[in-house]
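A.B. asks:
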Ligand code: SDX
């Protein structure tokens, strides 16, 4: 990091302090405010950390103005076109694209951990059949920490690596079983002859009574969806994983916390909300009313799948998924009227001053649900698919943080505006 400085005076009479300013390889400079409170008795104020760099990272870079997304420097469109999710997992975890030998070893490590402890199956029986699969995921993934006492020393690099491998390998099994449990169908064990996406599809849609033939078009589309959801800098769920990890919590508990955060409709839950919204709109003729509602400040309705905390231009992932939509639906011979509604809605919104002036564009969730629906994924599993893809991003940031020598437990402060000191009043004296 190259260093500069800036001077800051707090208030007219306050003393002027000199603070270090760092430049990274890409993106805005940062002012190091770690000594600000000690030197001035003043905090900074940034609810939601929207202008705050919470850490130094080498994993993913986003340029929100230009719509750029790089995984370890590689543009997302190139990875979506040429790579596979497992290769992207290696890249995000280890920082480089693997050689053939490295990839073979990595794939073998992941494949050998796709099964889960038989005792973990019992956890499903405690859930209602109609539980949302994300509720099951939060519970079962967190419960993994009850089965791996042999590798929970977060300061042991081998324990960190095998925990990361276990999470990447077991998420498809746990996710597919969450779906099977909701149907009352038997679980299928992973088949290690199959690839990552193929294995998941077979566990999702196969039954013991017959062979299951994976459609290669569907598998490729799903693998690409996993790549596009793999990581995204310090988003809410990744920041949750880092904050949980900073306390020394084990990786399974941290990832479970990340799953819980991703579930929110403002975050990963948006893909499910988009499809519900498109279904409620129903046809192109109802788009006008929907746009009017989303622009009404008194109406809490928002155009789901639109807008982004960082992208103030078209989300590059949405562009790739939009193109894949046409390709996959054509190859599958699916004609989904919701795609027509989505495209007409996008066209209308992108020409509305409300959206233009606020730089609101489609994000990764706007089109992903249409592809997932076309390949047969039920709507309530959409966010589970997002969590499945994002697992490698979560574990990569967790590993990067734990290895960071000056990692400290995260502990934000506050601007307190509550009651000042006052004495207790007996109830008889209260009015
Ligand atoms: C993800 O952080 C990440 O990287 C997340 C993610 C990842 O990969 O991890 O990219 C995944 O979470 C994508 C986002 C999915 N969520 C949605 O699609 C839900 C719908 N979108 C919004 O709720 C919203 O856009 C957010 C939550 C994504 C961002 O909200 P912000 O930060 O409040 O948006 P903003 O500051 O840019 O808003 C500016 C204005 C506001 O209006 P004014 O106060 O200026 O009048 O735009 C409005 C907002 O009310 N606005 C919208 C809108 N999104 C923002 N108005 C209507 N519809 C919308 N979708």
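In my numbering, the protein residues as written are 56 to 486. Even for Gly, the Cβ is constructed at its ideal location relative to N, Cα and C.
Note down, in chain order, each residue of its chain lying with its Cβ closer than 6 Å to the Cβ of residue 324, except the 5 sequence neighbours on either side.
C.D. replies: Only 318 and 438 meet the Cβ criterion.
A.B. asks: Measuring CB to CB, does residue 280 end up less than 8 Å from residue 423?
C.D. replies: A contact, by the Cβ cut-off of 8 Å.
A.B. asks: Residue 143 to residue 126, Cα distance in whole Å?
C.D. replies: So the alpha carbons of these two residues sit roughly 8 Å apart.
A.B. asks: Less than 8 Å between the beta carbons of residue 376 and residue 283, yes or no?
C.D. replies: Yes. Within cutoff.
A.B. asks: Bridge partners of residue 115, per DSSP?
C.D. replies: Answer by DSSP bridge pairing, in chain order: 126.
A.B. asks: In three-state DSSP terms, what is residue 110?
C.D. replies: Coil, per DSSP.
A.B. asks: Quick check: what's the CA-CA separation for residue 132 versus residue 120?
C.D. replies: Between residue 132 and residue 120, the C-alpha separation is close to 17 Å.
A.B. asks: Since residue 212 contacts residue 453 with CB under 8 Å, what's their CB separation in whole angstroms?
C.D. replies: Residue 212 to residue 453, Cβ: 13 Å. No contact.
A.B. asks: Using a threshold of 8 Å, state whether the C-beta atoms of residue 179 and residue 244 are closer than that.
C.D. replies: Not in contact: residue 179 and residue 244 (Cβ atoms no closer than 8 Å).
A.B. asks: Within 7 Å: the Cβ of residue 63 and any heavy atom of the ligand SDX?
C.D. replies: Outside the cutoff, so no.
A.B. asks: In whole angstroms, what is the alpha-carbon distance linking residue 451 and residue 311?
C.D. replies: So the two alpha carbons sit approximately 15 Å from each other.
A.B. asks: Counting C-beta neighbours from all protein chains within 10 Å, is the total for residue 477 16 or more, i.e. buried, or is it exposed?
C.D. replies: So residue 477 counts as exposed.
A.B. asks: For the region 397-406 against the region 140-160, are there 3 or more C-beta pairs whose distance is under 8 Å?
C.D. replies: Touching, no, given that fewer than three Cβ pairs across the two stretches are closer than 8 Å.
A.B. asks: If you draw a straight line from the C-alpha of residue 353 to the C-alpha of residue 345, how long is it?
C.D. replies: The straight-line gap from Cα to Cα measures roughly 14 Å.
A.B. asks: Just reading off the beta strand (DSSP E) that residue 75 is part of, what are its end residues?
C.D. replies: It spans 71-78 - the beta strand (DSSP E) in which residue 75 sits, taken as one unbroken run.
A.B. asks: In the structure shown, what three-state DSSP assignment does residue 467 receive?
C.D. replies: Coil, per DSSP.
A.B. asks: So, is residue 359 buried or exposed, given that buried needs 16 or more other C-beta atoms within 10 angstroms?
C.D. replies: Buried is the call here.
A.B. asks: Taking 7 Å as the limit between beta carbons, can you name the residues of its chain near residue 309, skipping five residues before and five after?
C.D. replies: 296, 299, 300 and 453.
A.B. asks: Using DSSP's beta-bridge definition, name the partner residues of residue 100.
C.D. replies: The partner list for residue 100 (beta bridge, DSSP) is empty, contrary to what the question assumes.
A.B. asks: Going by DSSP, what residue range makes up the alpha helix (DSSP H) through residue 426?
C.D. replies: Per DSSP, residue 426 belongs to the alpha helix (DSSP H) from 419-429.
A.B. asks: Can you give me the start and stop residues for the alpha helix (DSSP H) that residue 315 sits inside?
C.D. replies: Per DSSP, residue 315 belongs to the alpha helix (DSSP H) from 306-317.
A.B. asks: Would you say the beta carbon of residue 307 comes nearer than 7 Å to a heavy atom of the ligand SDX?
C.D. replies: No - the ligand SDX has no heavy atom lying nearer than 7 Å to the Cβ of residue 307.
A.B. asks: Residue ranges of each alpha helix (DSSP H) run of no fewer than 4 residues wholly in the region 374-425, ordered along the chain?
C.D. replies: Runs of the alpha helix (DSSP H) inside the region 374-425: 392-404 and 408-412.
A.B. asks: Starting from residue 274, trace the alpha helix (DSSP H) both ways and give me its first and last residue.
C.D. replies: Unbroken alpha helix (DSSP H) run through residue 274: 271-283.
A.B. asks: Would the beta-carbon of residue 77 fall within 8 Å of that of residue 84?
C.D. replies: Closer than 8 Å, so yes.
A.B. asks: Is it right to say residue 136 is buried, meaning 16 or more other beta carbons lie within 10 angstroms of its own, or is it exposed?
C.D. replies: The residue is exposed, with fewer than 16 neighbouring Cβ atoms inside 10 Å.
A.B. asks: How far does the alpha helix (DSSP H) with residue 452 in it extend, from its first residue to its last?
C.D. replies: Element bounds for residue 452: 437-458.
A.B. asks: Considering only their Cβ atoms, is the gap separating residue 357 from residue 368 smaller than 8 Å?
C.D. replies: Cβ atoms of residue 368 and residue 357: not closer than 8 Å.
A.B. asks: Using a Cβ-Cβ cutoff of less than 6 Å, which residues in the same chain neighbour residue 51 once the five nearest sequence positions on both sides are dropped?
C.D. replies: The chain is shown from 56 up to 486; residue 51 falls before or after that span and cannot be answered.
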